[in-house]
Every structure is written in structure tokens, then in C-alpha cells.
Amino acid sequence: MLELKDLNVSYGAIHAIYDVSLTVNDGEIVSLIGANGAGKTTILHTITGLKKSMNGSIVYNGNDLTKIEPSKIITLGMAHVPEGRHIFPAMTVGENLEMGAYIRNDKDGIQTSVKEVFERFPRLKERRKQLAGTLSGGEQQMLAVGRALMSRPNIILMDEPSMGLSPLLVKEIFNIIKEVHKQGITVLLVEQNAKMALSIADRAYVLETGHISMSGEAKELLNDEKVKKAYLGL
1 MLELKDLNVS
11 YGAIHAIYDV
21 SLTVNDGEIV
31 SLIGANGAGK
41 TTILHTITGL
51 KKSMNGSIVY
61 NGNDLTKIEP
71 SKIITLGMAH
81 VPEGRHIFPA
91 MTVGENLEMG
101 AYIRNDKDGI
111 QTSVKEVFER
121 FPRLKERRKQ
131 LAGTLSGGEQ
141 QMLAVGRALM
151 SRPNIILMDE
161 PSMGLSPLLV
171 KEIFNIIKEV
181 HKQGITVLLV
191 EQNAKMALSI
201 ADRAYVLETG
211 HISMSGEAKE
221 LLNDEKVKKA
231 YLGL
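Next up, the structure:
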């Protein structure tokens, strides 16, 4: 479904991503873990076209994303839940969800999708006319996920969905990710909470200062001594 091969990305003179190669197969949850500043968000931004690569390829269902405008990538069935949520604070919850469906023309289908989001997130239904900027952090994260679902994606890229949330809400967000996956949506998850990320993933990659240092089955990495010491606080 998604394949990165020998990807290199820089910020001016700073070489941020070195020869990164990874794959995400249809129906998987793949986690990309690593310390803050390792380059995880940069990789997601490069996949979705927000950041240009120096070289290497990003192929999604046969399409080379490095040659496609960012505004067109979402039409291929890819959605991005960005770090920091980036909901529209001055718009209502309902309006935010409608913005997630801006590429669609099926009004009845859009309303059906809104109902599906509200079934998944009852708190959002209660606040559908409330300004998104007044929601709690957990509710804003739910809104960001719900907005992404409105485009009916085949794959969702999630960037630090648990950031800044209480332990109880972190558990709830990861349950939501598992439920989204059960709907048949593939997930590429970038997350600093390595234990939670590895516990729900099929496979995972470890990113260290811009390069992949380890990869494999998530359960194996969860029990790897190096990973435990570096990322699990054990």
C-alpha cells in the first residue's frame, strides 16, 4: 500500500532524514517510534507533501507521492491527523467535520458519515454546535480523528495522538485507533508512547536521529532489551 524507499529530507543545511525505507501493507497498523526530534513528524509531512524530499521515493497504491500536489494526495484515500490536532478553533464541531469531507460531493453520504462519527464519539455529538477551540484536549483529538474519517480514507497517518493527554484519555485514544483499524482502515502511527504504540501495532520501526535503527514485529520490539531501555523506561 505505502512504501518509502531511500528517503532523504533536509531543512536547509540540516540533513534530517537519512535513507529511510519502510512499508505499510494494506490492513496493518504500523508504528514509527523514536525520541522527540528523531524526525518522525518530518517523515509524515514528507509523505503528505507538506515537506519536499531531497531524493528517494514515496509510493502509495502505485502513485509516486513526491510528484503529486499535497491538495491532491487526500483524493487518493489518505488522511493525516497532525501533531497538535490543528482543528479549526473558530468553527463548530459540526463545521470541522464538514471540512473533513470537502473533497466529497455526496451530501447524503456526508451526513451519514457525520452520524457515524457521532456514534463513535458521543461527546462530539453533544458538542456539535460548540466552537472547537473550547473543547478539552481529548475532545479536540477525537475531533481531529473524526475529521480525518470524514474523507473516507483507506489509510490514516496519525502523529502523536496521545500527546498532552491524561493516562485515562491516552487509553481511550488508543482504543479508538484499534476501532478505526477494525473498520478496515490501515494506520501509520507516529508516537512517543512506545509501549502503547507497540502494543497495538502489527509491525514497527525505530527512528533514531533521522535513520531507521530497528524494525520488525511489534511484539518482538516490545520485548527487545534495547527498546525497553531506550523507549520503555525499563
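If you're matching positions, the sequence shown starts at 1 in the UniProt record's numbering and goes up one per residue.
All C-beta atoms in this analysis are idealised placements derived from N, C-alpha and C, irrespective of residue type, glycine included.
Original post:
In terms of residue numbering, what span does the alpha helix (DSSP H) encompassing L207 cover?
Top reply: L207 -> not in any alpha helix (DSSP H); beta strand (DSSP E) instead, spanning 203-208.
**OP:** Given a cut-off of 8 Å, decide if T186 and N154 are closer than it, judged by their beta-carbon atoms.
**Re:** yes
Original post:
Near L207, which residues of its chain fall below 8 Å by C-beta distance, leaving aside the five closest residues on each side in sequence?
Top reply: Answer for L207: V20, L32, I33, G34, A38, G39, K40, I43, S213, listed in chain order.
Subject >> In DSSP terms, what I212 is bridged to >> reply: L207
**OP:** List the residues that DSSP assigns as beta-bridge partners of D64.
**Re:** Per the DSSP secondary-structure output, D64 pairs in a beta bridge with V59.
Original post:
From T46 to V9, what does the alpha carbon distance come to, in whole angstroms?
Top reply: 8 Å
**OP:** Classify S166 as helix, strand or coil using the three-state DSSP reduction.
**Re:** coil
Original post:
Three-state secondary structure (DSSP) at K228?
Top reply: helix
Original post:
Which residues bound the alpha helix (DSSP H) around I47?
Top reply: 40-47
**OP:** Starting from E217, follow its DSSP beta bridges and name the residues at the other end.
**Re:** R203
Original post:
Start and end of the beta strand (DSSP E) containing I155?
Top reply: 155-159
**OP:** Over the uninterrupted beta strand (DSSP E) stretch that includes M142, give me the two end residues.
**Re:** Per DSSP, M142 is not a residue of any beta strand (DSSP E); the alpha helix (DSSP H) it occupies stretches across 137-149.
Subject >> 7 Å Cβ shell around N193 - same chain, five flanking residues per side excluded >> reply: Same-chain partners within the cutoff: S162, V170.
Original post:
Does DSSP put E116 in a helix, a strand or coil?
Top reply: helix
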